[in-house]
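All remarks here apply to the structure that follows.
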Amino acid sequence: MAEADAQITELAVDDHACLTFGDEEELLDLTAAFVRDGLAAGLQVVWLSDAAPQQAAGELARRGIQAQPALERGQLTAAGCEGRLLTGQAFHADTAVGWLARQVESSRQAGFPGLRLAVDMGWALRPVTGIEELPRFEEGITGILDGGTASVLCQYDRGRFDPVTLASVAEFHTRSVAAATYYADAVLRICRQYAPPGIRIAGEIDYHAEEPLALALAEAVRLEGDVVMNMSALAFADAPCTAMIADAARTVAASRTVVLQCRPAVAARLARLGITRLPRVRLVTVSDG
Amino acid sequence: MTGDRSRREGAQGPPSGVPSRPAALEQDFDDGSLYALRSAVGAHAAAAGLPPGRVYDVVAAAHEMAANAVRHGAGHGHLRLQAADGVLTCQVSDDGPAAPGQGEDGGTAPWSAEHSHGLWVIEEVADQFTIDRGPAGTTATATFTLRPRK
Numbered sequence: 129m130a131e132a133d134a135q136i137t138e139l140a141v142d143d144h145a146c147l148t149f150g151d152e153e154e155l156l157d158l159t160a161a162f163v164r165d166g167l168a169a170g171l172q173v174v175w176l177s178d179a180a181p182q183q184a185a186g187e188l189a190r191r192g193i194q195a196q197p198a199l200e201r202g203q204l205t206a207a208g209c210e211g212r213l214l215t216g217q218a219f220h221a222d223t224a225v226g227w228l229a230r231q232v233e234s235s236r237q238a239g240f241p242g243l244r245l246a247v248d249m250g251w252a253l254r255p256v257t258g259i260e261e262l263p264r265f266e267e268g269i270t271g272i273l274d275g276g277t278a279s280v281l282c283q284y285d286r287g288r289f290d291p292v293t294l295a296s297v298a299e300f301h302t303r304s305v306a307a308a309t310y311y312a313d314a315v316l317r318i319c320r321q322y323a324p325p326g327i328r329i330a331g332e333i334d335y336h337a338e339e340p341l342a343l344a345l346a347e348a349v350r351l352e353g354d355v356v357m358n359m360s361a362l363a364f365a366d367a368p369c370t371a372m373i374a375d376a377a378r379t380v381a382a383s384r385t386v387v388l389q390c391r392p393a394v395a396a397r398l399a400r401l402g403i404t405r406l407p408r409v410r411l412v413t414v415s416d417g
Numbered sequence: 004m005t006g007d008r009s010r011r012e013g014a015q016g017p018p019s020g021v022p023s024r025p026a027a028l029e030q031d032f033d034d035g036s037l038y039a040l041r042s043a044v045g046a047h048a049a050a051a052g053l054p055p056g057r058v059y060d061v062v063a064a065a066h067e068m069a070a071n072a073v074r075h076g077a078g079h080g081h082l083r084l085q086a087a088d089g090v091l092t093c094q095v096s097d098d099g100p101a102a103p104g105q106g107e108d109g110g111t112a113p114w115s116a117e118h119s120h121g122l123w124v125i126e127e128v129a130d131q132f133t134i135d136r137g138p139a140g141t142t143a144t145a146t147f148t149l150r151p152r153k
């Protein structure tokens, strides 16, 4: 598993995918897309994470996904790992794989055409007994999924899991997934956003990043439907980059709605360029982070 | 009026938070240090008592002036930021020759229409903006009043 070889929206029905993410926003965005596409396909979706179910529903809602009806009819479950992958904060690969097998079976019996399971592997960073069985767990998952209609998305934090652990589990995954990233360094990150579709620009941007910004904007413009430019964590944009963003927004707004989420100072600069006069441009101001 | 206030050494600052003669920021910059420059300018502008939106304006103006010196002037320069007499003055000097292909017509090229958007931003946000271009280089000066805006 070298670089990511698939987009979150391209997973097969029996994939055992390894998602690596760089920050919480990216994790939630990719998970939301995985959940959204699963629900849209009529699949049962289970999201295991440390977040409380209501928090998970809130995160989905924030991204335009109405999770509450799916939660109420049992199509979507958001839950913690305890009692599922963990027993009393201890990990046994066989027990966890057994839980998954039962989940796949009960989903089938409930009449769902398939199951999607997203697992935030953050629990494996805690001092959990039996963590050395992690590779065996990942291997067991692949055995259950192969040829069926259930897929699993294991989510590993790139910054917190050591490369040895990541390498030891990588071979058991059928695919690696990450957000398409146009640029990333300590100051700036430009990547695709999947739920809702668009791009995310975070940090500070100036002319040094004109090239990746142009590429990201060009791809955003080519997306189908409405486009979101998430700049909630963009603290600075210089004049040429601000103008490029405004131009891209103008292009999208010729035929679709474009939502620009940004902090007050960046919003003011974009508004000065006249784009708010266009009917399909929505400039949404978020508070400074 | 504000000049008198800012000279009252040791007295409580006025409600707008205008301090009395803080040290000036003096910083060299080049293509690789604009992020650090923005960070320092932001910190100084905030310390001078400007509200967040205005701090961003000062940072944006300082960046555009410095970026111009880097991209269309000597490739490096010096920034001086000083709050005095109720005014925050941001001065960027570019003491080297214009980059090859620039300024051959006697001095207008480094601030030509090509980068007019950056120039436009500075003119938009600064209360005053002047460019002094001579044979030794360019000095751009933007000033921001420290009085609270009505």
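Listed in order, the protein sequences are those of chains A and B. Position 171 of the first sequence, counted from 1, bears residue number 299 in our numbering, the numbering being contiguous throughout. Position 44 of the second sequence, counted from 1, bears residue number 47 in our numbering, the numbering being contiguous throughout. Yeah, the Cβ is synthetic: ideal placement off N, Cα and C, and Gly gets one too.
- Looking at the DSSP output, A207(A) shares a beta bridge with L176(A).
- For H81(B), not one C-beta of chain A is nearer than 8 Å to its own C-beta.
- For the options T277(A), D133(A), A344(A), the alpha carbon positioned closest to that of R236(A) is the one of T277(A).
- Secondary structure of H120(B) (DSSP, three-state): helix.
- Taking 8 Å as the threshold, the shortest C-beta distance from Y335(A) to chain B falls below it.
- Interface residue (Cβ-Cβ distance to chain B less than 8 Å): D366(A) is classified as such.
- A Cβ-Cβ separation of about 18 Å leaves P340(A) out of contact with Y322(A) under the 8 Å criterion.
- Contact between V163(A) and I193(A) holds: CB atoms are separated by about 7 Å, below the 8 Å threshold.
- The beta carbon of H47(B) sits no closer than 8 Å to any beta carbon of chain A.
- Within chain B, the residues whose beta carbon sits less than 8 Å from that of E332(A) are Y38, R41, listed in sequence order.
- Closest option to R254(A), judged by alpha-carbon separation, among C209(A), R230(A), T223(A), A246(A): C209(A).
- Look at H75(B): its C-beta is not under 8 Å from any C-beta on chain A.
- Under the 10 Å beta carbon count, E187(A) is surrounded by 16 or more other beta carbons and is classified as buried.
- Straight across, the Cα-Cα distance linking A129(B) with P263(A) is about 60 Å.
- Three or more Cβ pairs closer than 8 Å define a contact, and the segment 54-72 of chain B meets that threshold against the segment 32-42 of chain B.
- By the rule that beta-carbons nearer than 8 Å mark a contact, V44(B) does not touch chain A.
- Nearest C-alpha to A371(A) among E338(A), M249(A), A145(A): E338(A).
- For L158(A), the uninterrupted alpha helix (DSSP H) run begins and ends at 152-168, by DSSP.
- The three-state reading of DSSP puts Q183(A) in helix, counting H, G and I together.
- If you ignore the 5 residues before and after L362(A), its C-beta comes within less than 8 Å of the C-beta of I329, A330, G331, E332, I333, C390, R391, V394, all in its own chain and listed in chain order.
- Per DSSP, the unbroken alpha helix (DSSP H) holding F265(A) starts and ends at 262-273.
- Think of a sphere of 7 Å around the beta carbon of R400(A): the chain B residues whose beta carbon falls inside it are E127, in chain order.
- The residue from D97(B), V124(B), E127(B) with its alpha-carbon nearest to that of G137(B) is D97(B).
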